[in-house]
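Note that the working numbering has the sequence shown beginning at 534, numbered continuously upward. All C-beta atoms in this analysis are idealised placements derived from N, C-alpha and C, irrespective of residue type, glycine included. Owing to the predicted nature of the structure, the values given are computational and were not obtained by experimental measurement.
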Amino acid sequence: MFEETTEDCVERLVLEYAQSVPASRPLDVRLSLQNDLAIESLSLVSLALRLGTEFGVDVVDAGLELGELKTVEDLLKIARTLKVQSTKA
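Here you go:
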């Protein structure tokens, strides 16, 4: 059994919410969540909340700026922050 990496977790969740899925893996971190992957704004909020659930951290309580989520890289940065916060809890 293996432990899922932060990158794998983000990619798995992004692919669940993406309406437009590119063939290449891993996902390019420069991909726009809304323009390239066609994730609608409400779905983006849901995705961020799910990410918090994955790490056992409340995204709202963590004070993360969800409006800054533009690319896969932005989502990875938030995921890494949540992972650090989860180890402190």
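Query raised in the report: Would you report the Cα separation of PRO485 and PHE588, rounded to the nearest angstrom?
Result: Here the chain covers residues 534 to 622 and nothing more, so residue 485 does not appear.
Query - Stretch pair the stretch 551 to 569 + the stretch 583 to 598: three plus CB contacts closer than 8 angstroms - result: The count of Cβ pairs closer than 8 angstroms, one atom from the stretch 551 to 569 and one from the stretch 583 to 598, stays below three, leaving the stretches out of contact.
Query raised in the report: Just checking my contact of VAL578 with LEU597 at CB under 8 angstroms: how many whole Å lie between their CB atoms?
Result: In this structure, VAL578 and LEU597 do not form a Cβ contact; the two beta carbons are roughly 11 angstroms apart against a cut-off of 8 angstroms.
Report task. Using three-state DSSP, classify THR586 as helix, strand or coil. Result -> Three-state result, THR586: helix.
Query - Reduced DSSP category for SER557 - H, G, I as helix; E, B as strand; rest coil - result: Collapsing the DSSP output to three states places SER557 in coil.
Report task. Quickly, what does DSSP pair THR604 with across the bridge? List them, please. Result -> Per the DSSP secondary-structure output, THR604 pairs in a beta bridge with SER565.
Query raised in the report: Is it right to say LEU575 is buried, meaning 16 or more other beta carbons lie within 10 angstroms of its own, or is it exposed?
Result: LEU575 comes out exposed.
Report task. Return the first residue and the last residue of the alpha helix (DSSP H) that VAL543 is part of. Result -> Unbroken alpha helix (DSSP H) run through VAL543: 539 to 550.
Query raised in the report: So, using beta-carbon positions, are LEU609 and VAL562 closer together than 8 angstroms?
Result: At a Cβ-Cβ threshold of 8 angstroms, LEU609 and VAL562 count as neighbours.
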